[in-house]
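To start, the structure under review is shown below, and the notes come after it.
2 protein chains.
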Amino acid sequence: MAVYVQALEAMLQENMNVVSSEGLAAACNVNSSQIRKDLAYFGEFGVRGVGYYIQDLLAAMREYLGINREWNCALVGVGNLGRALLRHKQLARKGFLIVAAFDCDPFKIGEVVAGHEIFCTRRLKERKQDLGIEIGMIATPPERAQRATNHLIEAGVKGIINFAPAIVHVPDDTVIDYVDFSQNLITLAFQLSSHPSS
Amino acid sequence: MAVYVQALEAMLQENMNVVSSEGLAAACNVNSSQIRKDLAYFGEFGVRGVGYYIQDLLAAMREYLGINREWNCALVGVGNLGRALLRHKQLARKGFLIVAAFDCDPFKIGEVVAGHEIFCTRRLKERKQDLGIEIGMIATPPERAQRATNHLIEAGVKGIINFAPAIVHVPDDTVIDYVDFSQNLITLAFQLSSHPSS
DNA sequence: ATATGTGAAAGTTTTCACAGCA
DNA sequence: TGCTGTGAAAACTTTCACATAT
Numbered sequence: 000m001a002v003y004v005q006a007l008e009a010m011l012q013e014n015m016n017v018v019s020s021e022g023l024a025a026a027c028n029v030n031s032s033q034i035r036k037d038l039a040y041f042g043e044f045g046v047r048g049v050g051y052y053i054q055d056l057l058a059a060m061r062e063y064l065g066i067n068r069e070w071n072c073a074l075v076g077v078g079n080l081g082r083a084l085l086r087h088k089q090l091a092r093k094g095f096l097i098v099a100a101f102d103c104d105p106f107k108i109g110e111v112v113a114g115h116e117i118f119c120t121r122r123l124k125e126r127k128q129d130l131g132i133e134i135g136m137i138a139t140p141p142e143r144a145q146r147a148t149n150h151l152i153e154a155g156v157k158g159i160i161n162f163a164p165a166i167v168h169v170p171d172d173t174v175i176d177y178v179d180f181s182q183n184l185i186t187l188a189f190q191l192s193s194h195p196s197s
Numbered sequence: 000m001a002v003y004v005q006a007l008e009a010m011l012q013e014n015m016n017v018v019s020s021e022g023l024a025a026a027c028n029v030n031s032s033q034i035r036k037d038l039a040y041f042g043e044f045g046v047r048g049v050g051y052y053i054q055d056l057l058a059a060m061r062e063y064l065g066i067n068r069e070w071n072c073a074l075v076g077v078g079n080l081g082r083a084l085l086r087h088k089q090l091a092r093k094g095f096l097i098v099a100a101f102d103c104d105p106f107k108i109g110e111v112v113a114g115h116e117i118f119c120t121r122r123l124k125e126r127k128q129d130l131g132i133e134i135g136m137i138a139t140p141p142e143r144a145q146r147a148t149n150h151l152i153e154a155g156v157k158g159i160i161n162f163a164p165a166i167v168h169v170p171d172d173t174v175i176d177y178v179d180f181s182q183n184l185i186t187l188a189f190q191l192s193s194h195p196s197s
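Chains as they are written, first to last, in numbering that gives the first Met the number 0: chain A, 0 to 197; chain B, 0 to 197.
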């Protein structure tokens with residue numbers, strides 16, 4: 000679903016107005032009836048004989064997905080990946096603002112990266128209140144991922160995205176999502192090994 | 000499937016020897032018969048009444064997934080994310096070695112990052128031969144992702160992992176895989192918006 | 001004419017339940 | 001007794017095909 004938003008944004012940038020399910024399907028490499036099913040799910044948005052008005056469709060999808068507003072995020076773990084996230088303009092442009100950075104390394108605490116002072120992870124709770132943090136991003140080494148998660152949970156953060164290659168456990172009322180490069184590379188390696196030609 | 004490898008590696012680190020489908024299921028947050036089905040797929044590896052021997056299982060899975068060897072990778076796009084990837088030790092530890100870095104910005108060409116000289120993207124083809132590159136990693140801005148892809152394809156790279164938030168098109172004999180942070184954040188935002196409690 | 005919305009068919013994945021082996 | 005391997009059932013997803021609207 001989020002893929003559609005991406006494709007539609009690209010189309011809008013190229014001054015397109017209307018798109019057919021077939022057109023969007025080609026851009027996303029999926030089947031056209033898939034698209035129609037998905038889009039029909041939140042109201043009859045298409046115009047028969049014409050297609051979908053990109054502007055309206057995007058607005059409806061953004062609302063549906065909960066990205067018609069900004070989300071305040073806290074970064075835990077300011078290594079190379081954490082720094083890359085802090086400097087990543089794409090995230091801010093999409094409404095995901097990193098408003099605080101934390102690390103447990105005493106040498107890093109107090110350092111300023113991309114305009115953000117790094118705080119001790121213990122101060123998460125106090126700063127969560129002040130800054131209205133809703134999402135936590137974990138970019139620690141894998142062995143510290145669970146501890147970072149616990150700090151976030153204790154602070155009352157209900158949504159966590161984990162960039163560390165480790166499975167972490169959270170209570171039922173907390174949402175956890177994973178981004179794991181090595182995982183994706185393994186998938187790729189598998190595909191390359193198994194189907195060498197064709 | 001790659002998740003199991005991760006969980007099993009963590010267990011091995013904690014000096015475990017044997018694991019039951021139930022135990023692995025708990026660690027991965029999945030159903031136990033799922034695990035049995037998946038593991039049974041490549042031979043009868045479990046011992047009834049006992050469980051699975053982690054060492055043997057890992058070896059079998061690594062072979063099956065094609066990660067019982069090293070893969071040479073080329074990075075295209077040396078921005079913040081690219082730098083983070085170059086310095087990411089986890090990837091090398093898992094056998095994914097970045098052996099060359101490319102960028103089309105004349106100011107970056109010749110610079111050395113984490114022991115790697117940055118080359119002009121045009122020289123991809125020539126260096127692919129020398130270094131035995133099998134996987135391309137795209138970490139350019141989204142609008143340059145397709146061009147980077149084309150360079151890789153022209154050089155004969157058959158496996159690509161795209162970190163840029165853009166859909167790219169490749170011929171049928173080339174495998175493409177996506178890693179998109181904003182996509183994951185959107186998913187998270189959606190889950191947080193729709194199920195605020197429970 | 002053209003392209004959506006949708007029921008019904010086909011395909012895939014997940015879960016259950018239990019026979020069979022250590 | 002304890003845990004795997006697996007057929008059969010249930011749940012879910014994808015695709016097709018066509019009636020329906022502009």
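All residues carry an ideal CB built from backbone N, CA and C; glycine is no exception.
8 Å Cβ cutoff, residue i in contact with chain B
i	result
residue 174/A	yes
residue 91/A	no
residue 150/A	no
residue 109/A	no
residue 154/A	no
residue 18/A	no
residue 196/A	Low confidence applies to residue 196/A: its pLDDT is 42, below 50, so where it sits in the model is not reliable enough to give any reading.
Contact set between residue i and chain A, taken where Cβ atoms lie within less than 8 Å
i	result
residue 178/B	178, 180 and 183
residue 145/B	Here the premise fails: no neighbours, minimum Cβ distance about 11 Å.
residue 186/B	1 and 176
Test: residue i CB closer than 8 Å to a CB of chain A
i	result
residue 164/B	yes
residue 133/B	yes
residue 95/B	yes
residue 66/B	yes
residue 58/B	no
residue 24/B	no
Pair within 8 Å by beta-carbon distance, residue i and residue j
i	j	result
residue 173/B	residue 159/B	yes
residue 99/B	residue 132/B	yes
residue 42/B	residue 17/B	no
residue 184/B	residue 95/A	yes
residue 165/A	residue 144/A	yes
residue 219/B	residue 83/A	Residue 219/B cannot be examined here, being either before or after the span of chain B that is shown, 0 to 197.
residue 123/B	residue 101/B	yes
residue 6/A	residue 27/A	yes
Neighbouring residues, chain A, relative to residue i (Cβ below 7 Å)
i	result
residue 157/B	191
Beta-carbon neighbours of residue i, restricted to chain B and to distances below 7 Å
i	result
residue 160/A	183, 184 and 187
residue 6/A	166
Whole-number beta carbon distance between residue j and residue i, since they are thought to touch under 8 Å
i	j	result
residue 110/A	residue 117/A	5 Å
residue 3/A	residue 23/A	7 Å
residue 11/A	residue 66/A	The pair is not a contact, with the Cβ atoms about 15 Å apart (cut-off 8 Å).
residue 77/B	residue 151/B	That belief does not hold up - the Cβ atoms of residue 77/B and residue 151/B are roughly 15 Å apart, past 8 Å.
residue 180/B	residue 90/A	7 Å
residue 134/A	residue 148/A	About 13 Å separates the two Cβ atoms, so there is no contact after all.
residue 73/A	residue 157/A	With 8 Å as the limit, residue 73/A and residue 157/A do not qualify as a contact, their Cβ atoms being about 12 Å apart.
Proximal residues of chain B, C-beta to C-beta of residue i below 8 Å
i	result
residue 86/A	79
What residues in the region 71 to 83 of chain A bring their beta carbon closer than 9 Å to a beta carbon of chain B?
72, 78, 79, 80, 81, 82 and 83
Residues of the region 26 to 56 of chain A with a CB closer than 8 Å to any CB of chain B: list them in chain order, please.
26, 27 and 28
Please identify, using Cβ separations under 7 Å, the residues of the region 98 to 124 of chain A that lie next to chain B, in order along the chain.
none
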